[in-house]
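Worksheet: one structure, shown below.
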Amino acid sequence: MIDRRAIVLGLACLGVVVSLPGRAVASEATAPVERLYAALLGIMKQGRSTPFAQRYDAIAPVVDAVFDLPGILQVSVGQHWAALPADEQAALLEAYRRYTVSTYVANFDNFNGQRFEVMPTSRTVGRDEVVQSRIISASGAPRELDYAMRPVRGAWRIVDVLFDGSISRLAVQRSDFRGLMAGGGAALLASLRQKTADLEANAR
Amino acid sequence: MGRMSASRAIGQLVAFAQRRAGPVVAAGLLAALFSIWFAAGHLGITTDIALLFSPELPYRQRAVMLERAFPQFQDLLVAVIDAEVPEEADATAAALASALAVDTAHFRTVRRPDALPWLHREGLLFLAPDRLTDLLDRTVDAQPFLGRLAADPSARGLFGAFSLLAIGVEQGGMNLDPYQSALEGVHRTMADVIAGHREPLSWMRLLGGDLADMGGRYRFVLAQPVLARGELESGGAATRALREAAAQLEFVRAGSARVRITGQVALSDEEFGTVARGAVQGMVISITLITLWLFLAVRSWRLIVPILGTLALGLTLTLLFAAAAVGTLNVVSVGFGILFIGIAVDFAIQFSVRYRDMRHRHGDPVLAMEETGRAVGAQILVAAVATSAGFLAFLPTDFRGVAELGLIAGTGMLIAFACTVVFLPAAISLMRPRGEPAEVGYRLGGWLDSVIRRRRHAVLAVFVALGGVGAVQVPHLVFDSDPLHTKNPATEAMRTLYDLMDSPLTNPFTITILAANPAEAEAVADRLHPLPLVETVLSINSFVPADQPQKLALIADAANILQIGLTPRAVAAPPSAAQIRASAAAASDDIARVLPKRPADRTLAGIAADLRALAGASDATLLAIDSALTRFLPMQLDQLRTALLAEPVTLAAIPPELARDWLLPDGRARVQVLPRNAARNSAGLAAFVAEVTAVAPQAGGSAVTIQATSATIVGAFRAAALGALGAIAVLLAVSLRRALDAALVLAPLLLSALLTAIAMMLLPLPLNYANIIALPLLLGVGVSFNIYFVMNWRAGQVAVLGSPTARAILFSALTTGTAFGSLALSAHPGTASMGMLLMTSLLCTLVASLVFIPALLACLRPR
Chain A
11 MIDRRAIVLG LACLGVVVSL PGRAVASEAT APVERLYAAL LGIMKQGRST PFAQRYDAIA
71 PVVDAVFDLP GILQVSVGQH WAALPADEQA ALLEAYRRYT VSTYVANFDN FNGQRFEVMP
131 TSRTVGRDEV VQSRIISASG APRELDYAMR PVRGAWRIVD VLFDGSISRL AVQRSDFRGL
191 MAGGGAALLA SLRQKTADLE ANAR
Chain B
12 MGRMSASRAI GQLVAFAQRR AGPVVAAGLL AALFSIWFAA GHLGITTDIA LLFSPELPYR
72 QRAVMLERAF PQFQDLLVAV IDAEVPEEAD ATAAALASAL AVDTAHFRTV RRPDALPWLH
132 REGLLFLAPD RLTDLLDRTV DAQPFLGRLA ADPSARGLFG AFSLLAIGVE QGGMNLDPYQ
192 SALEGVHRTM ADVIAGHREP LSWMRLLGGD LADMGGRYRF VLAQPVLARG ELESGGAATR
252 ALREAAAQLE FVRAGSARVR ITGQVALSDE EFGTVARGAV QGMVISITLI TLWLFLAVRS
312 WRLIVPILGT LALGLTLTLL FAAAAVGTLN VVSVGFGILF IGIAVDFAIQ FSVRYRDMRH
372 RHGDPVLAME ETGRAVGAQI LVAAVATSAG FLAFLPTDFR GVAELGLIAG TGMLIAFACT
432 VVFLPAAISL MRPRGEPAEV GYRLGGWLDS VIRRRRHAVL AVFVALGGVG AVQVPHLVFD
492 SDPLHTKNPA TEAMRTLYDL MDSPLTNPFT ITILAANPAE AEAVADRLHP LPLVETVLSI
552 NSFVPADQPQ KLALIADAAN ILQIGLTPRA VAAPPSAAQI RASAAAASDD IARVLPKRPA
612 DRTLAGIAAD LRALAGASDA TLLAIDSALT RFLPMQLDQL RTALLAEPVT LAAIPPELAR
672 DWLLPDGRAR VQVLPRNAAR NSAGLAAFVA EVTAVAPQAG GSAVTIQATS ATIVGAFRAA
732 ALGALGAIAV LLAVSLRRAL DAALVLAPLL LSALLTAIAM MLLPLPLNYA NIIALPLLLG
792 VGVSFNIYFV MNWRAGQVAV LGSPTARAIL FSALTTGTAF GSLALSAHPG TASMGMLLMT
852 SLLCTLVASL VFIPALLACL RPR
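Protein sequences, first through last, are from chains A and B.
Start counting at 1 in the first sequence, then tack on 10, and there's your number in my numbering.
Start counting at 1 in the second sequence, then tack on 11, and there's your number in my numbering.
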């Protein structure tokens with residue numbers, strides 16, 4: 011009896027420790043954002059002279075690691091997701107992954123002295139930690155970008171990006187996808203593939 | 012003992028009163044003063060309608076039980092608030108509630124049951140899944156605005172969001188379709204303000220669409236005022252305090268929100284207010300006219316003063332009786348005064364006119380008075396006893412209000428008789444009226460007599476036909492059981508109530524059932540729901556939403572997307588006009604760049620035009636735009652944040668202040684049944700009550716009470732009418748001792764009732780709670796007139812209409828008719844319809860007495 015109570019008590023304490031917010035969590039939560047920015051700086055410095063595919067391969071593993079892409083896609087598709095057949099889900103995830111990575115490759119394709127700043131502390135909203143950062147261009151105009159971080163599959167991962175600190179990429183995507191999903195998963199798949207192709211074409 | 016000996020006894024009484032005129036009048040004055048003093052100390056008035064009915068009636072007991080169980084619904088002043096924009100209504104209701112809550116001198120309790128914080132948090136769960144999905148989708152669509160505005164809740168923030176949208180379209184081919192309705196709303200507000208019309212943007216409508224108005228356009232503040240018991244307008248002070256508090260509120264002053272007052276307290280205050288207002292005017296007019304009629308009847312103030320003195324003494328003595336026997340007058344029995352005057356004046360006029368006739372015949376005042384007593388005393392006694400029996404017939408009924416009226420007025424008739432044969436002769440002999448040189452009867456009457464006598468068969472045939480028509484009509488007489496129809500529909504409380512009745516949600520006529528527990532309440536509700544006249548059934552279970560797991564998942568999904576944007580890093584300080592102008596200019600430029608891509612987008616073009624106008628607008632316009640666009644934004648953002656925190660709702664989780672409206676401490680659960688609009692009239696309401704009580708016989712509530720009350724009233728009047736007729740028939744048979752004579756009195760009485768029924772169909776004038784009281788009076792007046800004629804005829808009088816009796820009847824009818832006619836002018840429809848019915852029935856009585864009786868008697872008279 012005593013042993014079991016001690017175990018329960020111990021688990022409860024552990025729970026308290028784990029859920030304690032603070033610097034430890036903040037630094038764990040900010041790490042993926044810093045890793046993303048380091049990788050972005052890498053492909054920016056490579057620039058357009060480096061082939062698209064090469065830059066793509068450089069950033070893709072980082073995107074995979076720091077984003078919870080399956081989670082983001084699932085929320086963006088919304089209630090229809092569960093009804094999609096597994097192979098369609100897989101195809102959509104792959105298309106979405108390509109689209110996300112391509113967006114980064116296409117938009118971060120030159121280096122003019124831009125700086126990324128990640129604030130050392132995060133704010134807690136519900137179960138998420140929100141990491142605040144700024145992209146400062148050479149001209150000095152800062153853009154605020156916030157990252158919603160959540161522990162997924164054993165690590166803190168990005169689940170949403172807020173432009174200007176307020177406009178949710180997840181929300182915009184959800185609204186966009188809802189219209190497309192009216193035509194079923196195939197329409198969304200076609201759209202994602204088309205957008206990705208456009209990005210790659212423009213980048214050449 | 013017979014009629015002759017009664018005549019002699021009364022003659023001796025009159026002679027005695029005449030001999031001792033001084034002491035009799037002095038004693039009368041003393042008695043009047045004592046009565047006034049005693050009544051002032053012992054006679055109260057209650058306005059409690061519930062006291063009109065026997066407390067032993069099962070539906071009254073249920074009503075009392077429900078009132079005790081849910082005291083929060085009793086004695087309410089209800090402030091009904093509406094506004095052009097739902098947020099203005101909310102803000103006004105909230106401000107009013109807090110203003111009233113601190114005014115403890117006037118208000119015991121103040122509640123806003125439609126605005127509990129719990130409802131804000133759990134509100135989304137009460138939507139049907141498809142509507143919830145739709146609302147959440149639209150909210151997610153609006154996220155770019157919401158997020159931007161949460162960080163900067165100002166026009167600058169909104170214009171910044173426009174810029175970002177434009178950039179999104181320019182760079183990422185962003186889809187603007189989801190934002191169309193929101194953009195349109197914003198465009199309309201901006202265009203309005205630029206055009207000079209300032210109406211704040213409703214973010215509730217912008218984000219919620221038609222859901223914002225789903226709960227109805229009205230907001231409610233329920234206040235229980237401190238009542239001034241004993242005053243007719245017991246909630247007057249509290250109503251004034253509420254009105255003053257409302258007038259101070261921002262949106263009320265600006266004219267965009269409206270606060271109206273209704274509820275039981277306001278309704279009954281207004282009712283007594285309109286009754287009282289009409290009463291004073293009516294009293295002045297009727298006293299003037301009555302004096303005129305009296306003058307035309309008796310031609311001398313030396314007779315008028317004694318008549319008025321006799322009426323006053325009789326009235327004060329009746330007051331004394333009411334104070335001693337009943338103690339408290341109710342809203343029905345308070346009408347005894349008008350009944351008393353209406354009939355007692357007839358006794359006094361009969362006596363005085365006959366006295367003038369005797370003076371003409373005998374000359375000597377002493378002899379004339381004795382002869383008057385002998386000739387008319389017995390007639391007045393029979394009339395008084397018959398009328399009294401008519402009133403007392405109400406005593407055994409469950410309609411206590413009229414039973415008490417019957418007791419007071421019935422006794423009052425006997426008092427009136429006593430005053431007429433004792434005080435009146437004494438007062439007349441003190442006043443020493445001059446002799447009567449001329450005939451007192453009317454010549455014209457004599458001529459009419461001969462006309463009727465000649466055409467008696469035709470006259471009778473017409474009346475028989477009319478009687479037949481009337482008899483067919485009687486079963487079709489309608490009783491209007493809607494208690495609102497006897498109130499003045501032009502008052503604020505009534506107009507507001509009728510507005511509320513347009514919606515089943517706020518219909519005041521509902522049925523309440525107390526179930527043993529919430530589970531049984533659910534079972535009852537399930538059985539009631541399919542009934543054709545049932546709109547909806549509410550109970551504590553209605554506050555536990557259906558499909559919760561599905562809805563909670565939808566809400567959690569949306570919260571996952573929205574919450575972070577709604578929780579910004581920091582909220583920006585309010586912008587200056589210059590900052591708003593700069594952000595408008597920037598957004599205008601940003602949108603201008605994408606307009607060529609969207610040539611068909613009228614809304615976006617409109618917004619671009621608005622922004623261009625604002626970029627060059629004055630500081631005042633810019634600050635006005637800022638206020639119009641974002642005034643209600645923080646409120647709505649808070650509401651959204653709260654709503655996204657919805658938690659599972661169980662019976663136990665319902666907050667006590669809400670649960671107490673539906674659950675009793677002993678576990679019993681209130682079930683409220685709301686009727687469809689089809690049940691708004693008397694017949695519909697009766698059908699609704701019949702449907703529901705067939706399933707739940709123990710039902711109570713306003714609808715049941717109204718139905719049962721009208722049944723009680725109609726039953727009481729039916730029983731009383733039959734009882735009165737029986738009693739009068741027996742009385743007449745005993746006092747006249749000839750069945751034919753009794754029949755001669757009753758026949759015109761029945762005829763006048765049938766004529767009244769025809770008139771009521773033609774006017775039309777349905778019976779209602781107020782005017783049904785007129786019926787016993789018809790009985791009393793009708794029976795008196797007929798008794799005079801029939802007894803004169805027995806005494807050998809040939810000319811009916813040429814007699815002094817006919818003159819007396821004409822003027823006593825005019826006097827009574829005037830008293831009632833003043834009621835018909837009242838602003839209070841109940842009182843007015845009572846006046847109308849009294850006048851109508853009086854006219855019918857007059858026709859029956861002055862035309863039918865002469866023809867009837869002419870037929871019987873041997874040639």
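All C-beta atoms, glycine included, are put in the ideal place defined by N, C-alpha and C.
In this structure, residue 217 of chain B sits near residue 196 of chain B, with a CB-CB distance shorter than 7 Å.
Within chain B, the residues whose beta carbon sits less than 8 Å from that of residue 133 of chain A are 578, 580, listed in sequence order. DSSP places residue 680 of chain B within a strand segment (E or B) once states are collapsed to three. Residue pairing by DSSP places residue 686 of chain B opposite B:545 in a beta bridge. Taking C-alpha positions only, residue 181 of chain B is separated from residue 212 of chain A by approximately 15 Å. Boundaries of the beta strand (DSSP E) around residue 152 of chain A: 152-162. Nearest CB-CB separation between residue 158 of chain B and chain A: below the 7 Å threshold. In the DSSP assignment, residue 205 of chain B falls within the alpha helix (DSSP H) that extends over 191-205. Separation of the CB atoms of residue 340 of chain B and residue 757 of chain B is rounded to 32 Å, and the pair is thereby denied contact status at 8 Å. Within the stretch 143-164 of chain A, contact with chain B at the beta-carbon level (separation under 9 Å) is assigned to 154, 156, 158.
The residues 343, 405, in chain order, have a CB closer than 6 Å to that of residue 413 of chain B in the same chain once the five nearest residues on each side in sequence are set aside. Residue-level contact by beta carbon holds for residue 176 of chain A and chain B, with a gap shorter than 7 Å.
For residue 151 of chain B, the chain A residues whose Cβ falls inside 7 Å of its Cβ are 181, 184, 185, in order along the chain.
For residue 141 of chain A, no Cβ of chain B is located within less than 7 Å of the residue's own Cβ. Here the alpha carbon of residue 142 of chain B sits roughly 11 Å from the alpha carbon of residue 149 of chain B.
Taken in chain order, the whole alpha helix (DSSP H) runs of length 4 or more contained in the stretch 74-116 of chain A are 79-87.
Between residue 114 of chain A and residue 206 of chain A, the C-beta spacing is not below 7 Å. The C-beta separation of residue 680 of chain B from residue 526 of chain B comes to about 5 Å, placing the pair in contact by the 8 Å criterion. When DSSP reads this structure, residue 73 of chain B sits in no beta bridge, so it has no partner.
For residue 334 of chain B, same chain residues with a beta-carbon under 7 Å away, outside a window of 5 residues either side, are 49, 50, 53, 54 in chain order. When DSSP assignments are scanned along the stretch 709-778 of chain B, no uninterrupted stretch of beta strand (DSSP E) that is 3 or more residues long falls wholly within it. For residue 148 of chain B, the enclosing alpha helix (DSSP H) covers residues 140-152. Between the C-alpha atoms of residue 136 of chain A and residue 132 of chain B there is a straight-line separation of about 16 Å.
As a beta-bridge residue in DSSP terms, residue 139 of chain A pairs with A:134, A:159.
Within the stretch 502-566 of chain B, the complete alpha helix (DSSP H) runs of at least 4 residues fall at 503-512, 529-539. Apart from the 5 residues on each side of it in sequence, residue 385 of chain B sits with its Cβ closer than 6 Å to the Cβ of 18, 22 in its chain, given in chain order. For a cut-off of 8 Å, the C-beta gap from residue 40 of chain A to residue 141 of chain A is around 5 Å, short enough to register as a contact.
Taking a cut-off of 8 Å on C-beta distances, the stretch 157-173 of chain B touches the stretch 587-595 of chain B, as three or more cross pairs fall below it. When the alpha-carbon of residue 395 of chain B is set against those of B:829, B:816, B:118, B:790, the nearest one is in B:790. The C-beta distance from residue 124 of chain B to residue 233 of chain B rounds to 7 Å, short enough to meet the 8 Å contact threshold. In the DSSP assignment, no residue is bridged to residue 38 of chain A.
With respect to residue 485 of chain B, residue 838 of chain B sits apart: the two C-beta atoms are not nearer than 7 Å.
When DSSP reads this structure, residue 165 of chain A sits in a beta bridge with A:162. Straight through space, the alpha carbons of residue 853 of chain B and residue 740 of chain B are spaced by roughly 21 Å. Distances from the alpha-carbon of residue 766 of chain B to those of B:858, B:798, B:411, B:73 put B:858 closest. The CB of residue 189 of chain A comes closer than 8 Å to the CB of 186, 188, 189 in chain B, given here in chain order.
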